[in-house]
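Q:
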Amino acid sequence: MTPASTLSLGLPAARYRAHRAALDAAAAAVFAGGQFILGPQVAAFESEFAAALGLPHCAGVASGTDALELALRACGVEPGSAVLTVPFTATGTVAAIERAGAVPVWVDIDPATGTLDPASLEATVAAYAAAGDRARRAPLRAVLPVHLYGHPADLPALLAIAARHGLRVIEDCAQAHGAALEGRPAGSWGDAAAFSFYPTKNLGAFGDGGAVATRDPEIDRRVRRLREYGWTTRHVSAEPGLNSRLDELQAALLRVLLPHLPAENAARRAAADVYTERLRDSGLALPVTRPGAVHAFHQYVVRAPAREALQAALAARGLPTQVLYPVPAHLQPAYRGRFFAGPAGLPHSEAAARSVLSLPISPHLSPADLEHVAAAVRGALGLPA
Ligand SMILES: *Cc1c(COP(=O)(O)O)cnc(C)c1O
């Protein structure tokens, strides 16, 4: 019997197949050890993940959304304040800002990379300050760039603008494990970075998980306090916190996978190179990597003017594809009309939502899988094989 193609298997199952013996052994050791929440595996994973980022601190939490919420709170984003971010992102980014008691202020994306556009950030900060009704306006406290699809945002430009306006920078690294810019890991630039270990991420657990990484010992201390009821010592809460803990099983499994992340990201980049080479003449807008950036290729995203037709033609060829994201947050029922955007609006976020299409990418796709995808796209577009 031939094994199922990793194309139809999906990333979490392919990941298990690739690392099965080590994962089984790690899980068995946790079951036998009898400690399941915030134990030695979590502590070891925290220091190994921090080291991979070149940072002194990392705290495991229950999800990427929680990591963002706790990072915001630990950076001093108080209830009633405002956080600049993009609407073209996973809903978790926006949910975390509201969970911290703050409100998002929308900034548009750079259409080339899909990440927060520094020029739009500058213009939005100015428009927010100039808009009427200033007394009732939530003060701007932080900017939350998202390293969308694994491409780092323009961190040098964003940090300079943030410093000028006294804003904290919290990086949403949920799609950017192992990405880098100018030789520095994504997640090591801002005041704090939030990671998700949701099973489909580049570093993914077998359940929910997340982490906050930082170079600031005060931020780390505050995250550790908040993740367990605001406790300073057991059963004594210094401030209202929550229950957001990483468990031993997930940490042990993540420790098995972490050493493979660099090679797996390199395999993603090699897969991206195959697609880009095969689709160069397709008329689709293909992903770009900015000079100095190391792209983690969490997603390989093309832009197609007739996206729905292409997606249907690919489905007819047996190739399911994803749209990340079909509706930007500022147009979703939960958020529509509630938050500030600059006078230029959010045209690049809206255009991206209409045209993006993710082709399957993972470190576990075979050369035959990649060729199958490329051939399906060419066929769907009516191009010669
Ligand atoms: C996955 C994701 C999140 C949320 O992470 P969870 O672990 O699912 O809570 C936040 N932001 C981005 C950009 C994501 O991709």
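Residue numbers for the sequence shown follow our numbering, beginning at 11 and rising by one.
Backbone N, C-alpha and C define an ideal beta-carbon position, used for all residues, glycine too.
Beta-carbon separation of residue 118 and residue 157 under 8 Å?
A: No.
Q: Specify, as a first and last residue, the run of the alpha helix (DSSP H) that residue 101 falls within.
A: First-last of the alpha helix (DSSP H) with residue 101: 101-109.
Q: With DSSP as the reference, please indicate the residues paired to residue 2 in a beta bridge.
A: The structure shown does not extend to residue 2, since the chain is modelled only from 11 through 395, so no value can be given for it.
Q: To which residues of the same chain is residue 178 closer than 6 Å at the C-beta, ignoring the five residues directly before and after it?
A: The residues are 85, 152 and 201.
Q: With a floor of 3 residues, list each beta strand (DSSP E) that falls wholly inside the region 268-350, ordered by position along the chain.
A: Counting whole runs of 3 or more residues, the region 268-350 contains the beta strand (DSSP E) stretches 310-313.
Q: Residue 41: buried (16+ other C-beta within 10 angstroms of its C-beta) or exposed?
A: Looking at its Cβ environment, which holds fewer than 16 other Cβ atoms inside 10 Å, residue 41 is exposed.
Q: Can you name the start and end residues of the beta strand (DSSP E) that residue 74 belongs to?
A: Counting along the chain, residue 74 falls outside any beta strand (DSSP E), though it belongs to the alpha helix (DSSP H) covering 74-84.
Q: Going by beta carbon distance, what residues of the same chain come within less than 8 Å of residue 24, once the five residues before and after it are set aside?
A: Excluding residues within five positions, the ones whose Cβ falls inside 8 Å are 16, 372 and 374.
Q: Between 76, 75, 56 and 295, which has its C-alpha nearest residue 67's C-alpha?
A: Among 76, 75, 56 and 295, the Cα nearest to that of residue 67 belongs to 56.
Q: At the level of alpha carbons, what is the spacing between residue 60 and residue 378?
A: Cα to Cα, the separation comes out at about 36 Å.
Q: Identify the continuous alpha helix (DSSP H) that holds residue 389 and give its terminal residues.
A: First-last of the alpha helix (DSSP H) with residue 389: 377-390.
Q: Among the residues of its own chain, which have a CB less than 8 Å from the CB of residue 140, if the five just before and after it don't count?
A: Nothing meets the Cβ criterion.
Q: Would you report the Cα separation of residue 336 and residue 246, rounded to the nearest angstrom?
A: If I take the Cα positions, the gap works out to 45 Å.
Q: What is the DSSP secondary structure of residue 160, reduced to helix, strand or coil?
A: Three-state result, residue 160: helix.
Q: Using a Cβ-based criterion (distance less than 7 Å to any ligand heavy atom), does residue 331 qualify as near ligand 1?
A: Not so, every heavy atom of ligand 1 lies at least 7 Å from the Cβ.
Q: Please go through the same chain and pick out, in chain order, the residues whose beta-carbon is closer than 7 Å to the beta-carbon of residue 49, but skip the five residues on each side of it.
A: Hits under 7 Å: 258.
Q: What number of angstroms, rounded off, separates the C-alpha of residue 308 from the C-alpha of residue 281?
A: Approximately 11 Å between the Cα atoms of the pair.
Q: Which partner residues of residue 246 appear in the DSSP bridge assignment?
A: Paired residues: 243.
Q: Are there any heavy atoms of ligand 1 lying less than 7 Å away from the beta-carbon of residue 321, as far as the coordinates show?
A: Residue 321: no, Cβ never under 7 Å from ligand 1.
Q: If you count every other CB in all the chains shown that lies within 10 Å of the CB of residue 47, and 16 or more means buried, which is it?
A: Answer is exposed; the Cβ neighbour count stays below 16.
Q: Within this structure, are the beta carbons of residue 54 and residue 231 separated by less than 8 Å?
A: Going by C-beta atoms, residue 54 is not nearer than 8 Å to residue 231.
Q: Relative to the C-alpha of residue 221, which residue among 128, 121, 256 and 238 is closest?
A: Checking every option, the nearest Cα to that of residue 221 belongs to 256.
Q: Measuring straight from C-alpha to C-alpha, what distance separates residue 168 and residue 43?
A: Residue 168 and residue 43: Cα-Cα distance of roughly 45 Å.
Q: Assign residue 51 to buried or exposed, taking buried as 16 or more other Cβ atoms, counted over all protein chains shown, within 10 Å of its Cβ.
A: Residue 51 is buried by the Cβ-count criterion.
Q: Looking only at its own chain, which residues have a Cβ that is under 8 Å from the Cβ of residue 21, when we skip the five neighbours before and after it?
A: Only 209, 210, 214, 372 and 374 meet the Cβ criterion.
Q: In or out: residue 12 buried (at least 16 other Cβ within 10 Å) or exposed?
A: Annotation note: pLDDT 40 at residue 12 (below 50); position unreliable, no value reported.
Q: In this structure, does DSSP put residue 87 in helix, strand or coil?
A: Three-state result, residue 87: coil.
Q: Closest by CA to residue 344, which one among 94, 146, 73 and 102?
A: Comparing Cα-Cα distances from residue 344 to each of 94, 146, 73 and 102, the minimum goes to 102.
Q: Could you say which of 224, 116, 78 and 123 lies nearest to residue 366 if we only look at CA atoms?
A: Answer by Cα proximity: 123.
Q: Using DSSP's beta-bridge definition, name the partner residues of residue 205.
A: Residue 205 is bridged to 221.
Q: Report, in whole angstroms, the separation of the C-beta atoms of residue 324 and residue 331, which I expect to be a contact under 8 Å.
A: Yes, residue 324 and residue 331 are in contact; Cβ-Cβ is about 5 Å, under 8 Å.
Q: Thinking just about the alpha-carbon of each residue, which of 110, 129 and 286 is nearest to the one in residue 251?
A: Closest by alpha carbon: 110.
Q: Given residue 164, which residues of its chain have a CB within under 6 Å of its CB, disregarding the five upstream and five downstream residues?
A: Contacts found: 128.
Q: Please tell me whether, using a cut-off of 7 Å, the distance from the CB of residue 159 to the nearest non-hydrogen atom of ligand 1 is below it.
A: The answer is no for residue 159.
Q: Flag this pair as touching only if the region 298-307 and the region 183-202 have three or more C-beta atom pairs under 8 Å; answer yes or no.
A: The region 298-307 vs the region 183-202: in contact.
Q: Just to confirm, is the Cβ distance from residue 80 to residue 194 under 8 Å?
A: No, the Cβ-Cβ distance between residue 80 and residue 194 is not below 8 Å.
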